[in-house]
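Here is the structure we will look at, set down as structure tokens.
In the working numbering, the protein residues as written are 70 to 787.
This is how it looks when you write it as structure tokens:
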């Protein structure tokens with residue numbers, strides 16, 4: 070009896086004991102200064118997180134360098150202090166300085182915050198020893214939105230015993246429940262020269278920082294202020310455009326539009342209708358600061374897929390994912406406010422509602438566009454939590470123009486991830502229908518099983534796209550087909566000097582057949598050799614077999630036509646990817662072998678260098694030689710990018726690109742000055758010139774088109 074009483078007493082007191090062991094946020098009434106010195110009294114009183122373990126290179130081993138993380142809460146936001154000790158501070162890598170750039174060349178620390186503790190969504194913040202910042206919105210274990218641009222700030226500095234970073238995240242940047250005192254948290258540190266990755270929690274290789282089911286817990290989030298109800302970003306811009314010229318091949322041109330200038334005003338607003346929901350509004354939207362599309366030469370008969378780059382559509386975009394990227398998507402946001410060839414259409418007004426209500430994640434977009442054919446577009450998405458990290462979802466899209474053409478699409482999907490003996494296993498299924506004014510109702514269905522793990526990554530999927538399935542706000546690569554695909558990759562980690570892991574792709578396949586029978590296209594690939602070195606260098610050798618059966622002839626390149634028929638051809642592929650930690654990084658790829666009824670060679674090389682921490686440059690060249698019985702083509706592509714950052718808050722970007730299919734060269738230059746977090750000044754210059762003018766030189770003084778945009782955005786919070 071006494072033993073039973075003792076067990077009952079232990080069971081009753083265990084939760085309190087466990088909670089007592091949780092690291093706590095240290096409240097502070099004194100003002101903190103963002104200077105990466107951590108010398109205020111609150112930091113000395115704060116609990117420390119320092120038990121980090123390796124995910125790479127030795128799973129579960131203690132970190133080779135000590136890391137200490139502390140949290141302090143103040144009236145204005147959450148402060149995070151990080152002391153990344155290093156016994157060789159002179160070898161710390163810190164090349165990047167620009168905001169929102171990839172930090173894969175550098176040492177760095179990543180912090181994951183999940184205030185809602187829903188095991189699905191979180192906010193991700195990263196900083197390097199220079200104070201360069203990047204952020205993302207985590208929507209699931211394998212779904213991150215790096216286009217999310219939060220209001221926060223950071224400072225960092227290298228010291229004699231390592232480096233120190235201090236992060237400040239205003240409370241309005243985060244979504245949280247005021248009644249909850251605990252948040253799910255994880256921290257990851259990268260020691261780049263060692264290619265070492267260490268985490269506080271979820272350090273096993275199948276897991277990682279986004280694996281929220283294994284995240285740590287931090288207590289003490291008490292007396293948090295209510296979320297700001299309104300955030301405003303009014304903007305003012307002025308645009309000056311030059312003469313638009315239409316060139317003939319002999320160098321003559323017609324002026325199709327005169328030079329001009331105009332001013333514009335607009336407003337972006339963010340409201341919090343409830344604790345878990347955010348309402349974004351935009352009027353007279355302007356996306357001058359968005360990255361430009363990359364020029365691509367399309368050597369296939371299928372449409373190209375271009376990623377979304379406009380901030381209003383990229384933030385929270387993951388909730389609207391339905392289907393397989395670049396193949397079949399029920400919603401493709403570039404259908405709103407952009408023509409099929411990428412030209413902007415005025416976005417007069419837009420609204421986006423996103424967040425959580427109970428155990429449901431929701432997203433709604435409504436937009437009104439102008440132009441010659443004004444339309445109203447609506448997208449609605451809901452995901453209901455199912456079995457841990459899974460969900461059961463539904464989606465609706467609709468567009469209606471003034472000409473009365475109404476087109477809608479509806480979809481249902483389910484995602485069920487499991488952990489089986491420490492390994493990830495995911496089941497996915499989806500079905501969708503489209504409806505238009507003509508009364509058609511073709512559908513789409515998909516099923517997949519995914520086993521994404523460290524030693525083995527295996528996926529099998531089947532997708533059926535009926536003829537005329539073409540959602541007005543979606544993207545469909547091809548219809549009237551059944552697509553089978555998958556891959557079987559093994560990635561062992563043998564104890565071989567200088568080698569971190571090997572990669573053998575036993576089969577990567579995609580076989581597409583027409584619903585009525587017969588081949589449409591196919592791709593098979595085997596990787597007999599793939600090596601990831603301890604240095605970070607990677608090399609792969611691939612054997613590919615491709616099939617295509619176009620029903621109609623098509624022009625693969627100017628002057629070269631592929632006749633209708635059935636083609637099978639084999640090719641070799643060799644790739645080298647240099648380590649990102651090198652001051653001069655090289656990537657090279659070579660493809661050669663048969664190509665339809667002829668032969669083709671495809672080579673590309675890119676060089677990336679840095680003068681840390683201010684200057685980063687990259688150049689890329691591509692060359693394709695296609696030889697056929699009665700024709701030949703040579704395709705060239707080239708691009709150059711230069712990033713110069715004076716500070717993490719003042720940077721410039723120059724990007725130039727050219728190819729000989731469009732016979733056009735283009736330049737995009739951009740300056741961004743962040744006056745205060747959320748308030749930015751942009752200066753953007755765009756120009757384009759014709760090339761290939763019957764041997765004539767490029768008319769640098771008379772571009773096809775060009776313009777300068779100056780835009781200022783002011784951040785206000787109430």
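Positions of the beta carbon are idealized from the N, C-alpha and C atoms, including for glycine.
Residue i versus the options, residue with shortest Cα-Cα distance
i	options	result
residue 349	380, 692, 616, 678	380
residue 738	313, 720, 180, 631	720
residue 469	449, 389, 445	445
residue 154	146, 119, 185	119
residue 159	202, 95, 184, 260	260
residue 131	332, 265, 382	265
residue 577	601, 443, 527, 457	527
residue 608	587, 658, 637, 653	658
residue 494	600, 478, 502, 522	522
residue 661	680, 641, 652	641
residue 775	146, 489, 438, 311	311
residue 614	392, 637, 626, 326	637
residue 416	184, 393, 456, 355	355
residue 106	432, 286, 234	234
residue 95	443, 293, 361	293
residue 652	262, 136, 215	262
Whole-number beta carbon distance between residue j and residue i, since they are thought to touch under 8 Å
i	j	result
residue 98	residue 116	That belief does not hold up - the Cβ atoms of residue 98 and residue 116 are roughly 18 Å apart, past 8 Å.
residue 743	residue 710	With 8 Å as the limit, residue 743 and residue 710 do not qualify as a contact, their Cβ atoms being about 21 Å apart.
residue 222	residue 198	About 16 Å separates the two Cβ atoms, so there is no contact after all.
residue 290	residue 238	Incorrect: roughly 12 Å between the Cβ atoms, too far for contact.
residue 179	residue 278	6 Å
residue 621	residue 633	5 Å
residue 783	residue 302	7 Å
residue 459	residue 484	5 Å
residue 204	residue 219	5 Å
residue 589	residue 547	7 Å
residue 382	residue 448	Residue 382 to residue 448, Cβ: 10 Å. No contact.
residue 594	residue 611	5 Å
residue 352	residue 373	The pair is not a contact, with the Cβ atoms about 31 Å apart (cut-off 8 Å).
residue 478	residue 497	That belief does not hold up - the Cβ atoms of residue 478 and residue 497 are roughly 19 Å apart, past 8 Å.
residue 305	residue 781	6 Å
Those residues which DSSP pairs with residue i across a bridge
i	result
residue 220	Note: residue 220 sits in no beta bridge, so no partner.
residue 603	None, per the DSSP bridge assignment.
residue 252	287
residue 609	599, 644
residue 579	554, 592
residue 267	123, 258
residue 209	212
residue 415	Residue 415 pairs with nothing; no bridge assigned.
residue 677	654, 687
residue 773	Paired residue(s): none; residue 773 is not in a bridge.
residue 319	Looking at the DSSP assignment, residue 319 forms no beta bridge with any residue, so it has no partner.
residue 584	According to DSSP, residue 584 bridges with nothing at all.
residue 434	421, 448
Residue i in three-state terms, based on DSSP
i	result
residue 786	strand
residue 74	Confidence at residue 74 is low in this model, with a pLDDT of 43, below 50, so the placement of that residue should be treated as unreliable; the coordinate-derived value is given next. Correct three-state label for residue 74: helix.
residue 666	coil
residue 190	coil
residue 443	coil
residue 281	helix
residue 241	helix
residue 83	Note that residue 83 has pLDDT 38, beneath the 50 cutoff, so the model's placement of it is unreliable and the number below is only indicative. Note: residue 83 maps to helix in three-state DSSP.
residue 89	Low confidence applies to residue 89: its pLDDT is 49, below 50, so where it sits in the model is not reliable, and the reading given next is rough at best. DSSP places residue 89 in helix when its eight states are reduced to three.
residue 463	strand
residue 97	coil
residue 114	helix
residue 780	strand
residue 158	helix
residue 314	strand
residue 344	coil
residue 404	helix
residue 749	strand
residue 339	strand
residue 304	strand
residue 272	coil
Any C-beta of chain C under 8 Å from that of residue i
i	result
residue 145	No chain C appears in this structure, which consists of one protein chain only.
### Query
Which whole runs of the alpha helix (DSSP H) in the segment 378-402 are 4 residues long or more, in chain order?
380-383
### Task
Output the residue ranges of the beta strand (DSSP E) runs that lie fully inside the segment 500-575 and measure 3 residues or longer, sorted by chain position.
512-521, 525-534, 550-559, 568-571
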